[in-house]
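S.K.:
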Amino acid sequence: MILTYIETRDKKIKKSSLEVLSEARRIAVDLKTEAAAVLLGTGMEALAADLSSYGASKVHLFDSAPLDRYSTQDYAAALAGLVKKLSPAAVFFSATAMGKDLAPRLAARLGVGLAADCTRISVQDGSLEFTRPIFAGKALLAFRLTSSPQVVSLRPNIFPAVPAAAAGEIIREAVEIPSAAARAEVTEVLQESGGEIDVSEADVVISGGRGMKGPENFELLREISALIPRSAVGASRSAVDSNWIGHQHQVGQTGKTISPNLYLAFGISGAIQHIAGMSSSKVIVAVNKDPDAPIFKVADFGVVGDLFQVIPPLKEELKKLRS
Ligand SMILES: Cc1cc2nc3c(=O)[nH]c(=O)nc-3n(C[C@H](O)[C@H](O)[C@H](O)COP(=O)(O)OP(=O)(O)OC[C@H]3O[C@@H](n4cnc5c(N)ncnc54)[C@H](O)[C@@H]3O)c2cc1C
86 MILTYIETRD
96 KKIKKSSLEV
106 LSEARRIAVD
116 LKTEAAAVLL
126 GTGMEALAAD
136 LSSYGASKVH
146 LFDSAPLDRY
156 STQDYAAALA
166 GLVKKLSPAA
176 VFFSATAMGK
186 DLAPRLAARL
196 GVGLAADCTR
206 ISVQDGSLEF
216 TRPIFAGKAL
226 LAFRLTSSPQ
236 VVSLRPNIFP
246 AVPAAAAGEI
256 IREAVEIPSA
266 AARAEVTEVL
276 QESGGEIDVS
286 EADVVISGGR
296 GMKGPENFEL
306 LREISALIPR
316 SAVGASRSAV
326 DSNWIGHQHQ
336 VGQTGKTISP
346 NLYLAFGISG
356 AIQHIAGMSS
366 SKVIVAVNKD
376 PDAPIFKVAD
386 FGVVGDLFQV
396 IPPLKEELKK
406 LRS
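In terms of our numbering, the sequence shown opens at residue 86 and continues consecutively.
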C-alpha cells in the first residue's frame with residue numbers, strides 16, 4: 086500500500102494533496118498495490134468522499150478534537166502509529182510547509198530515510214526511484230531509498246491531480262495524544278488579511294524585484310493579480326529585505342519553492358538563489374531592461390524593456406480579456 090497524507094486547510098483538501106494522491110495511485114498500479122489516504126482533524130468525514138473520487142481505495146480517518154489544529158508532535162505520533170499498523174510500502178506527502186515539517190518528523194520516528202521535494206518518481210525493478218533538484222536547481226539527482234517504508238514528499242504543482250473513481254472505504258482510527266508535558270501547542274493561527282492565495286499554491290505568480298523601485302509599485306503587481314484568477318504576488322529577496330513586501334511572498338532558496346503554470350518576473354535579475362525557487366514553473370516570462378540579465382536564460386518569453394512601460398498595456402489587455 087502507498088499511504089498519502091492529506092493536508093487540509095479550513096476544512097478543505099489542498100490541491101497539492103490531490104496531486105500527491107493521484108501520483109500515489111499511478112505508482113501503486115506499477116507496484117501492484119493500492120493507494121490509501123489518511124486524514125486528520127475534526128469534521129473530516131465529508132472530505133473522505135472527495136478522496137475516493139481521486140482514487141483512494143481506503144481513507145483512514147483520525148477524527149479527534151486534539152487534532153483539530155495542526156501540531157507536529159500529535160500528527161507525527163498519529164501517523165507513526167498508523168504506519169506501524171498498516172506497514173505501507175511508502176508514505177507520500179506534499180512538500181508544502183506542513184509536509185516539510187511532518188515528513189522528516191515521521192521518518193525520524195520510524196528510523197527511515199526521506200526522499201524530500203521530489204519532482205519525479207518512477208518504478209525501476211520493483212523499487213521506487215526518485216528525482217529531485219539539487220545545488221539550487223543546477224542539477225537533478227536520481228536516487229533510491231534503502232529503508233522501508235519509504236517516506237517521500239512531492240513538490241507541489243509538478244504532478245497532475247487526476248480524478249479516478251475508487252471505493253474510498255472509510256476506516257476510523259483512534260489516536261493516543263502524548264502527555265501535555267511533552268507537547269508544544271499551537272495556540273493561535275494568524276492569517277494575513279485580504280485572504281490572498283499563498284505563492285506556493287497559486288497557478289500564476291507575478292513577482293517583483295529591486296527593479297520595482299519601491300513598495301508603492303508592488304501595488305501595480307497586485308492590480309495585475311486582481312485580474313488573474315488563482316494568482317499571487319511574489320518577490321525577490323532584495324525586495325523583501327528592503328521591506329517592500331512581506332517575507333511570505335519571497336521566492337527562492339531562502340523563500341518558497343514554487344511551480345506555477347505561469348511565472349512573471351518584473352525587475353528581477355535572476356540570481357541563482359532566486360532561480361532555485363521558481364525554475365520548475367511551467368512557463369516563465371521575464372521583463373528586465375538589461376538584455377544580459379540571467380533571468381532570460383531560464384525564461385520562455387522575455388521582454389527587454391522598462392517594466393513601468395510594460396505593465397500598463399499588459400493590465401489593459403488583461404482587463405479586456407476579463408470583460
Ligand atoms: C544564502 C543566500 C540566499 C538567498 N536567497 C534568496 C532567495 O530566496 N530569493 C531571492 O530572490 N534571492 C535570494 N538571495 C539573494 C540573491 O542572491 C539576489 O541578491 C537577489 O535575488 C536579487 O534580487 P533582485 O533580482 O530583485 O535584485 P537585483 O539583482 O538588483 O536585480 C534587479 C533587476 O531589475 C532590473 N531593473 C531595474 N529597473 C528596471 C526597470 N525599470 N524595468 C525592468 N527591469 C529593471 C535590473 O536590470 C536588474 O536585473 C539569496 C542570497 C544568498 C547569499
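Glycine is no exception: its CB is placed at the ideal position from the N, C-alpha and C atoms. No experiment lies behind these values; they were computed from the predicted model shown.
1) For the beta strand (DSSP E) holding residue 323, just list the boundary residues, first then last.
2) In terms of alpha-carbon separation, which member of 361, 387, 338, 343 lies closest to residue 351?
3) Around ligand 1, which residues pass a check of Cβ closer than 5 Å to any of its heavy atoms?
4) Does the count of Cβ pairs from the segment 247 to 258 and the segment 145 to 156 closer than 8 Å reach three?
5) If distances are taken between C-alpha atoms only, which option among 102, 208, 245 comes closest to residue 117?
6) Skipping 5 residues on each side, what residues in its chain have a beta carbon closer than 6 Å to that of residue 355?
7) Measuring CA to CA, which of 172, 212, 383, 200 is closest to residue 112?
8) So, residue 204 versus residue 240, is the Cβ gap smaller than 7 Å?
9) Is it true that the segment 115 to 132 meets the segment 162 to 176, where meeting means three or more beta-carbon pairs spaced less than 8 Å apart?
10) Check whether the Cβ atoms of residue 193 and residue 214 sit closer than 7 Å, and answer yes or no.
11) Output the distance between the C-alpha atoms of residue 347 and residue 403, rounded to the nearest integer angstrom.
12) Under 8 Å by Cβ, that's how I've got residue 391 and residue 370 pegged, so tell me the actual separation to the nearest angstrom.
13) What is the rounded straight-line gap between the Cα of residue 189 and the Cα of residue 237?
14) Pull up the distance between the alpha-carbon of residue 328 and that of residue 244, whole angstroms please.
15) With DSSP as the reference, label residue 416 as helix, strand or coil.
16) In this structure, does DSSP put residue 155 in helix, strand or coil?
17) Cα separation between residue 177 and residue 109?
M.R.: Reading off the structure:
1) Annotation for residue 323: no beta strand (DSSP E) segment contains it, though the alpha helix (DSSP H) segment containing it runs 322 to 326.
2) Of 361, 387, 338, 343, the residue nearest in Cα terms is 387.
3) Qualifying residues, in the order they occur: 294, 295, 296, 321, 322, 323, 337, 338, 339, 340, 352, 353, 354, 356, 358, 359, 373, 374, 375, 378, 391, 392.
4) Yes, they touch.
5) When each option's Cα is compared against that of residue 117, the closest is 208.
6) Hits under 6 Å: 378, 379, 380.
7) Residue 112 has its Cα closest to that of 212, out of 172, 212, 383, 200.
8) Result yes, Cβ atoms of residue 204 and residue 240 sit closer than 7 Å.
9) Output reads yes: the segment 162 to 176 touches the segment 115 to 132.
10) Result no, Cβ atoms of residue 193 and residue 214 do not sit closer than 7 Å.
11) Here the alpha carbon of residue 347 sits roughly 15 Å from the alpha carbon of residue 403.
12) That belief does not hold up - the Cβ atoms of residue 391 and residue 370 are roughly 16 Å apart, past 8 Å.
13) Roughly 9 Å between the two C-alpha positions.
14) About 34 Å.
15) The question about residue 416 has no answer here: the residues shown for the chain are numbered 86 through 408.
16) Residue 155: coil per DSSP, three-state reduction.
17) Computed Cα separation, rounded: 7 Å.
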